[in-house]
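Peer 1:
Residue numbers (UniProt numbering): 1 to 517.
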């Protein structure tokens, strides 16, 4: 090996090799007919060296890759090493000037070439090759791609056979339902498919393992069970599938459809017993009720509580309701009805009202009044409290944000237990104005609890300026008297006792002038 002063060496068609600064360079390479090839050497590795390659037919010599006797110097300075695997899975190796290469490795033939010494020993492209293999385990081999295949790997899934196939890609590979290609050795080693699996079938009341398959769209994020109702025939059809399926457009969540987001999560029975409290009126609904299944066994059935503030509270199964009332229950923004999916989830209820919007109905919270509204709660705790403005609020515990302060708040767990007068010492006063208000007030007709509660200093008042009479609570937003220095002098009488503003009041006589005869 000669060290060149220049960076380039040259191969000559006459077998001469040397440096581009050699005296023979001009004579050998001046013709410009392409007989000379220049190349750039790396330190210690002259690029114009005649390559050495493994030369063998592995069918005849299966151990040739390990035997140095099969390493030969190529005949041509321009040679490279080659390697290919034929259609009968026999591996061939040699130098590119050999007839085997020049006749076989033409056109689209998949032959690998390389230029370093003995590089065809390891220069190969392989893919994991197997049938019915969702994942690559220790038993799946990396197989060298043959001359008819491409240097690309594939993973394919057949939805009919439910099998995953892997191998080297070629034009003869079937058009699988799902397929991924990649272009590096052994790149098809991932779990495949790796997206969502759902039960997918029509009219399958009881789903079986044969109904499970990967979603056709790899972007699917959930499974569904859908019950389609055909009104003319009064028939129902059950559909199971993925949320990217066309039928999913008919899915009305929690109405005719149920969704989930895990593999094979939509395989539950379509006909099940749903147990709901079924009663009319608060008295009946607060008694122990036998556990009775709903008549309609559809998986879409749910329990409900209906309370609109005009009629008695009702509880039952939503599929027993007429379409108009059912629509109210399915509308999550409609406060008149609440749904819940679990057995007997409508057993407990709480009063739901606010004196700010519901007035005296919420002050008294009398369960015999149809105007009192009820609701279902996520938990079992009812609550009633006095707000900072003096209003009374009754609802489920989860609908309050502030902690329960003793004296202004009570929590309880019995159904409807947040009803009744609260607090117990809430002031009662006569409340009136006009002609009938001048006379002494009787408890049976004029006594009312004060709408707002401030505390022990709440009082009753009489306002009488001689011509106008008003009786009420000092906590009323438009109170004429509040029991402080700002009250009109001589016109206000305030007391801190219940119904203490009942006394008859004198009206200043009216003086009239008339012409006398």
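Heads up, the beta-carbon is just placed ideally off N, CA and C, and yes, glycines get one too.
1) What does DSSP give as the partner residue(s) for residue 179 in the beta ladder?
2) Just to confirm my understanding: we take residue 453, look at its own chain, exclude 5 residues before and 5 after, and list those with CB closer than 6 Å. What are they?
3) Within 10 angstroms of its Cβ, does residue 463 collect 16 or more other Cβ (buried), or is it exposed?
4) So who's on the other strand from residue 223, going by DSSP bridges?
5) Let's test the definition: count the other Cβ atoms within 10 Å of the Cβ of residue 501 and tell me whether it reaches 16, buried, or not, exposed.
6) With a threshold of 7 Å on Cβ separation, who are the neighbours of residue 73 within its own chain once the five nearest residues in sequence on each side are excluded?
7) Put residue 426 into one of helix, strand or coil per three-state DSSP.
8) Taking all protein chains shown into account, decide if residue 125 is buried (16 or more other Cβ within 10 angstroms of its Cβ) or exposed.
9) For a test of the three-state rule: what should DSSP assign to residue 436, helix, strand or coil?
10) Do you know offhand how far residue 101's Cα is from residue 262's?
11) When the Cα atoms are used, what is the spatial distance from residue 423 to residue 371?
12) Report the residue from 295, 185, 396 whose alpha carbon sits nearest the alpha carbon of residue 152.
13) Please classify residue 155 as buried or exposed, where buried requires at least 16 other C-beta atoms within 10 Å of its C-beta.
14) Please report the straight-line C-alpha distance between residue 212 and residue 198, rounded to a whole angstrom.
15) At a cut of 8 Å, does the region 225-237 reach the region 296-304 through at least three beta carbon pairs?
16) Below 8 Å, how does it come out for the region 53-65 and the region 80-91: are there three or more Cβ pairs, yes or no?
17) Report the rounded CA-to-CA distance for residue 441 versus residue 292, giving the unit in angstroms.
18) Quick check: what's the CA-CA separation for residue 460 versus residue 472?
19) Helix, strand or coil for residue 61? Go by DSSP, reduced to three states.
20) Might you give, ordered along the chain, the residues of its own chain that have their beta carbon closer than 8 Å to the beta carbon of residue 71, omitting 5 neighbours on each side?
21) Per the DSSP calculation, residue 470 is bridged to which residue(s)?
22) Below 8 Å on the Cβ atoms is my guess for residue 362 versus residue 383; work out the distance and round it to an integer in Å.
23) In chain order, what residues of the same chain lie with their CB nearer than 6 Å to the CB of residue 168, ignoring the 5 residues before and after it?
24) Mapping the DSSP letters down to three states, classify residue 355 as helix, strand or coil.
25) Whose CA, out of 429, 305, 412, lies closest to the CA of residue 380?
26) From residue 429 to residue 449, what does the alpha carbon distance come to, in whole angstroms?
27) Near residue 157, which residues of its chain fall below 7 Å by C-beta distance, leaving aside the five closest residues on each side in sequence?
28) Specify, as a first and last residue, the run of the alpha helix (DSSP H) that residue 317 falls within.
29) Would you list the residues sitting across from residue 236 in a DSSP beta bridge?
30) Who are the near neighbours of residue 309 in its chain, counting only those whose CB is closer than 6 Å to its CB and skipping five residues on each side?
31) To which residues of the same chain is residue 470 closer than 6 Å at the C-beta, ignoring the five residues directly before and after it?
32) Measure the C-alpha to C-alpha separation of residue 476 and residue 399 and round it to an integer number of angstroms.
33) What would DSSP say about residue 293, mapped onto helix, strand or coil?
34) What does a CB cutoff of less than 7 Å around residue 458 pick up in its chain, not counting 5 residues either side in sequence?
35) Whose CA, out of 365, 79, 340, 217, lies closest to the CA of residue 248?
36) Thinking C-beta only, is residue 182 closer than 8 Å to residue 223?
Peer 2: Concretely, from the data shown:
1) Translated into the one-based positions of the chain shown, residue 179 becomes position 179. 156, per the DSSP bridge assignment.
2) Translated into positions along the chain shown, residue 453 becomes position 453. Excluding sequence neighbours, residue 453 sits near 386, 390, 426.
3) Translated into the one-based positions of the chain shown, residue 463 becomes position 463. Residue 463 counts as buried, since no fewer than 16 other beta carbons sit within 10 angstroms of its beta carbon.
4) Position 223 of the chain shown, counting from 1, holds the residue named residue 223. Answer by DSSP bridge pairing, in chain order: 242, 260.
5) For the purposes of this step, residue 501 is taken as the residue at position 501 of the chain shown. Label assigned to residue 501: buried.
6) Taking the chain shown and counting its residues from 1, the one referred to as residue 73 is at position 73. Excluding positions up to five away in sequence, the list reads 50, 52.
7) Counting from one through the chain shown, the residue named residue 426 turns up at place 426. Three-state DSSP puts residue 426 in coil, outside helix and strand.
8) By 1-based counting over the chain shown, the position of residue 125 is 125. With 16 or more other Cβ atoms within 10 Å, it is buried.
9) Here residue 436 refers to the residue found at position 436 of the chain shown. In the three-state scheme derived from DSSP, where H, G and I count as helix and E and B as strand, residue 436 is classed as helix.
10) As a first step, residue 101 is located in the chain shown; it is residue number 101 there, counting from the start. As a first step, residue 262 is located in the chain shown; it is residue number 262 there, counting from the start. Near 54 Å, if we compare the C-alpha coordinates of residue 262 and residue 101.
11) One-based indexing of the chain shown puts residue 423 at position 423. One-based indexing of the chain shown puts residue 371 at position 371. Distance from the CA atom of residue 423 to the CA atom of residue 371, rounded to whole angstroms, is 21 Å.
12) Along the chain shown, one-based indexing puts residue 152 at 152. Among 295, 185, 396, the Cα nearest to that of residue 152 belongs to 185.
13) For the purposes of this step, residue 155 is taken as residue 155 along the chain shown, with counting starting at 1. With 16 or more other Cβ atoms from the protein chains shown falling within 10 Å of its own Cβ, residue 155 counts as buried.
14) As a first step, residue 212 must be located in the chain shown, where it is residue number 212. As a first step, residue 198 must be located in the chain shown, where it is residue number 198. Cα to Cα, residue 212 sits roughly 6 Å from residue 198.
15) They touch, by the three-pair rule.
16) Contact between the region 53-65 and the region 80-91 is present, because at least three Cβ pairs lie under 8 Å.
17) The count along the chain shown starts at 1 and reaches residue 441 at position 441. The count along the chain shown starts at 1 and reaches residue 292 at position 292. Whole-angstrom Cα-Cα distance: 52 Å.
18) Along the chain shown, one-based indexing puts residue 460 at 460. Along the chain shown, one-based indexing puts residue 472 at 472. It is roughly 6 Å from the alpha-carbon of residue 460 to the alpha-carbon of residue 472.
19) Taking the first residue of the chain shown as 1, we reach residue 61 at position 61. Correct three-state label for residue 61: coil.
20) Residue 71 sits at position 71 when you count from the first residue of the chain shown. Answer for residue 71: 52, 53, 54, 55, 118, listed in chain order.
21) The residue given as residue 470 occupies position 470 in the chain shown. Beta-bridge pairing by DSSP links residue 470 to 433, 463.
22) In the chain shown, the residue the question calls residue 362 occupies position 362. In the chain shown, the residue the question calls residue 383 occupies position 383. Contact between residue 362 and residue 383 does not hold, since the beta-carbon distance rounds to 13 Å and is not under 8 Å.
23) As a first step, residue 168 is located in the chain shown; it is residue number 168 there, counting from the start. Correct list, in chain order: 127, 145, 149.
24) Taking the chain shown and counting its residues from 1, one reaches residue 355 at position 355. Residue 355 falls in the helix class under three-state DSSP.
25) Within the chain shown, residue 380 is the residue found at index 380, counting from 1. Residue nearest to residue 380 within the set 429, 305, 412 is 412 (criterion: CA-CA distance).
26) As a position in the chain shown, residue 429 is number 429, starting the count at 1. As a position in the chain shown, residue 449 is number 449, starting the count at 1. Approximately 6 Å between the Cα atoms of the pair.
27) In the chain shown, the residue the question calls residue 157 occupies position 157. The beta carbon of residue 157 sits closer than 7 Å to those of 164, 176, 177, 178, 192, 193, 214, all from its chain and outside the five residues before and after it, given in chain order.
28) Along the chain shown, one-based indexing puts residue 317 at 317. For residue 317, there is no enclosing alpha helix (DSSP H); the residue is found in the beta strand (DSSP E) stretching over 314-317.
29) Indexing the chain shown from 1 puts residue 236 at position 236. DSSP, once it has assigned bridges, lists 229 as partnering residue 236.
30) Counting from 1 along the chain shown, the entry for residue 309 is found at position 309. Apart from sequence neighbours up to five positions away, the residues of its chain that approach residue 309 with a beta-carbon distance below 6 Å are 371, 373, ordered along the chain.
31) Taking the chain shown and counting its residues from 1, the one referred to as residue 470 is at position 470. So the qualifying residues of the chain are 433, 463, 480.
32) In the chain shown, the residue the question calls residue 476 occupies position 476. In the chain shown, the residue the question calls residue 399 occupies position 399. The C-alpha of residue 476 lies about 27 Å from the C-alpha of residue 399.
33) Locating residue 293 in the chain shown gives position 293, counting from the first residue. Three-state DSSP puts residue 293 in a strand.
34) The residue labelled residue 458 in the question sits at position 458 within the chain shown. Beyond the five residues adjoining it in sequence on each side, residue 458 comes within less than 7 Å, by CB distance, of 427, 450, 473, 474, 475 in the same chain, given in chain order.
35) Here residue 248 refers to the residue found at position 248 when the chain shown is read from its first residue. Answer by Cα proximity: 217.
36) Position 223 of the chain shown, counted from the first residue, corresponds to residue 223. Position 182 of the chain shown, counted from the first residue, corresponds to residue 182. Contact: no.
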